[in-house]
Amino acid sequence: MDLRTLTPDFAVAPQIALDDIAEAARLGFRTLINNRPDEEVESGLNAALQAAAAAAGLSYVHLPYYPGELTPDLIAGFEAALAAADAPVLAWCRSGTRSSHLWALSQAGQRPLEEIVQTAQNAGYDLSALVPMLRAKAADSSGVIV
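Using my numbering, the letters of the sequence shown correspond one by one to residues 24 to 169.
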């Protein structure tokens, strides 16, 4: 499992395998957020991951993020999942990029823009194309464009 820690309570990863669920539990994760649509993985994998998470005592959220479909509803769903989650949280998609985008947008208005971008960059994710959306989200959250 290729974990990319963004904060002490949140990490992202490229697609995890079924046996990674036990490892995630051993590492102390309490909530898993799967951002991979069913159509992107082998048939039955997402259901098997959910069952393995339940068996390991982990909370599991399946919040599919289709490439190119970063919608306000998806962002709100991710924020709600984080707000309800027992930390620490592990989120994944094919490469971790979509999960890092959702995390970044959930932090807009709560953390300085530069910190969000640098944190993602330190984990190997380039958010430069997302900066205008992060600025707009921060402005909506605080009324001040950062």
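In this text, a Cβ means the ideal position worked out from N, Cα and C, and glycines have one as well.
Could you tell me how far apart the beta carbons of residue i and residue j are, in whole angstroms, since I believe they sit closer than 8 Å?
i	j	result
S123	V35	5 Å
A76	I39	Going by Cβ atoms, the distance from A76 to I39 rounds to 10 Å, so no, they are not a contact pair.
L81	I98	So it is not a contact: roughly 23 Å between Cβ atoms.
L41	Y83	Not confirmed; about 13 Å, so no contact.
R59	P87	7 Å
Using three-state DSSP, classify residue i as helix, strand or coil.
i	result
A159	helix
L55	strand
A131	strand
V64	coil
S123	helix
R27	strand
Taking the straight line between their C-alpha atoms, what separation do you get for residue i and residue j?
i	j	result
L105	A71	22 Å
P155	L128	11 Å
V169	L136	Model confidence at V169 stands at a pLDDT of 46, short of 50, so the residue's coordinates are unreliable; what they give is reported in the following sentence. Distance between the alpha carbons of V169 and L136: 7 Å.
R27	A146	5 Å
S66	A47	22 Å
D163	G132	8 Å
L153	G91	12 Å
Could you check whether residue j and residue i sit closer than 7 Å to each other, using their CB atoms as the reference points?
i	j	result
A110	D32	yes
Report task. Examine the Cβ distances between the stretch 95 to 114 and the stretch 133 to 143 and report whether three or more of them are shorter than 8 Å. Result -> Fewer than three Cβ pairs drawn from the stretch 95 to 114 and the stretch 133 to 143 lie within less than 8 Å of each other, which leaves the two stretches out of contact.
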